[in-house]
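Add 171 to a position in the sequence shown, counting from 1, and you land on the number used in this note's numbering. The beta-carbon is built from N, C-alpha and C at its ideal position, and this holds for glycine as well.
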Amino acid sequence: MLESPPDALILFGVEPEFDCWDPAKARRAAGAAGFTVVMSPYAGDAARDYADVLLPIAAFAETSGTFVNAEGRWQGFRGACAPYGAARPGWKVLRVLGNLLGLAGFEYTSAEQVRDELHGKAGTLAPDNRSAWPDTVELPDAGAGLVRIGDVPIYGTDALVRRATALQQTEHGRDATVRIRAALAQRLGLAEAARVEVMQGDARAVLPLVVDDRVPDGCAWISAALPGSAGLGPSIGPVTLRVAS
């Protein structure tokens, strides 16, 4: 999908600029699709740019639904409050779209009906929680250059916490920075720089520089899923730094 954008694309509760491994590539694909529909409780600036249609759906506390826990137990819940404004539960919006398109199988009148049908199809299917890790892991080859380390901060994990003002005002809610070791900053001529330009292919961002000797040599720690890094490339991969002009 990222390499060859489809004729039509529905993004359901997804913000490619924050939720994808390569935000720049995912955002380009969303904009290059023939017709992009964004279904979300939030109308972000990026979505307004790449979406042809924005359909408001209820946030998690405004809709009924089902969780499946780690032991495979199905747990239903009800909405705690009514959806805001014109928003409707996501399953209802999908049902109406199916009705308008004349498709079969969109006759549901409750979330419980959706759950029961899915539960019937799942049968005895249960999650396999046995941990499996490959014997070898192939990492991107940065040659003699730098490698970006891009974690997802605790308050950048989903659309709700990213918009929680109180959480974003904490230490863990800070925007993206570039963290490198003091010795590396000296070698790159960045020891006196306050801000640096970050380059990953065609993706660019200007971010504050922080000297942090906890970061491995040859690496730049640049968190993902944040406004400042939303336009960059892969979370782990080659990166180039220079003094911001």
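From which residue to which residue does the alpha helix (DSSP H) around residue i run?
{"i": "glutamine 371", "result": "Counting along the chain, glutamine 371 falls outside any alpha helix (DSSP H), though it belongs to the beta strand (DSSP E) covering 366 to 371."}
{"i": "alanine 282", "result": "282 to 293"}
Output the distance between the C-alpha atoms of residue i and residue j, rounded to the nearest integer angstrom.
{"i": "asparagine 300", "j": "valine 285", "result": "26 Å"}
{"i": "glycine 243", "j": "aspartate 223", "result": "38 Å"}
{"i": "alanine 232", "j": "glutamate 363", "result": "48 Å"}
{"i": "leucine 268", "j": "proline 176", "result": "22 Å"}
{"i": "leucine 403", "j": "arginine 350", "result": "15 Å"}
{"i": "alanine 241", "j": "alanine 297", "result": "9 Å"}
{"i": "alanine 376", "j": "aspartate 384", "result": "23 Å"}
{"i": "tryptophan 192", "j": "methionine 370", "result": "16 Å"}
{"i": "leucine 271", "j": "phenylalanine 277", "result": "10 Å"}
{"i": "glutamate 186", "j": "alanine 401", "result": "10 Å"}
{"i": "arginine 249", "j": "glycine 261", "result": "14 Å"}
{"i": "leucine 412", "j": "aspartate 322", "result": "18 Å"}
{"i": "tryptophan 282", "j": "serine 416", "result": "A small correction: the amino acid at residue 282 is alanine; tryptophan does not occupy that position in the sequence shown. So the two alpha carbons sit approximately 54 Å from each other."}
{"i": "alanine 253", "j": "valine 386", "result": "46 Å"}
{"i": "glycine 389", "j": "leucine 355", "result": "7 Å"}
{"i": "leucine 338", "j": "valine 414", "result": "31 Å"}
{"i": "leucine 182", "j": "glutamate 188", "result": "12 Å"}
{"i": "arginine 358", "j": "alanine 365", "result": "16 Å"}
{"i": "glutamate 309", "j": "glycine 372", "result": "20 Å"}
{"i": "isoleucine 320", "j": "serine 406", "result": "6 Å"}
{"i": "alanine 217", "j": "aspartate 190", "result": "13 Å"}
{"i": "valine 410", "j": "tryptophan 392", "result": "10 Å"}
{"i": "tyrosine 221", "j": "arginine 198", "result": "8 Å"}
{"i": "glutamine 340", "j": "valine 382", "result": "22 Å"}
{"i": "glutamate 288", "j": "tyrosine 279", "result": "10 Å"}
{"i": "tryptophan 245", "j": "lysine 292", "result": "14 Å"}
{"i": "leucine 378", "j": "glycine 273", "result": "49 Å"}
Following the continuous beta strand (DSSP E) through residue i, name the residue where it begins and the one where it ends.
{"i": "proline 187", "result": "Here proline 187 belongs to no beta strand (DSSP E); instead the alpha helix (DSSP H) covers 187 to 190."}
{"i": "tryptophan 392", "result": "390 to 392"}
Could you give the C-beta distance for residue i and residue j, rounded to a whole number, given that I count them as a contact under 8 Å?
{"i": "alanine 229", "j": "alanine 258", "result": "5 Å"}
{"i": "glycine 215", "j": "valine 318", "result": "Contact flag wrong, Cβ pair sits at about 29 Å."}
{"i": "glycine 247", "j": "threonine 237", "result": "5 Å"}
{"i": "valine 208", "j": "leucine 226", "result": "6 Å"}
{"i": "glycine 399", "j": "alanine 347", "result": "3 Å"}
{"i": "alanine 204", "j": "leucine 180", "result": "4 Å"}
{"i": "glycine 327", "j": "arginine 334", "result": "Incorrect: roughly 11 Å between the Cβ atoms, too far for contact."}
{"i": "tyrosine 213", "j": "alanine 374", "result": "At roughly 23 Å, the Cβ-Cβ gap does not stay under 8 Å, so tyrosine 213 and alanine 374 are not in contact."}
{"i": "serine 211", "j": "proline 324", "result": "21 Å between Cβ atoms; not a contact."}
Starting from residue i, follow its DSSP beta bridges and name the residues at the other end.
{"i": "isoleucine 181", "result": "Val208"}
{"i": "valine 318", "result": "Cys390 and Pro409"}
Output yes if chain B places a C-beta closer than 7 Å to the C-beta of residue i; else output no.
{"i": "arginine 358", "result": "This model lacks chain B altogether; it includes just one protein chain."}
May I have a chain-ordered list of the beta strand (DSSP E) segments no shorter than 3 residues that lie completely inside the region 188 to 269? 206 to 211, 224 to 227, 236 to 239 and 245 to 248
For a minimum of 4 consecutive residues, which ranges assigned as the alpha helix (DSSP H) are wholly contained in the region 330 to 416? 330 to 333, 336 to 339 and 353 to 358
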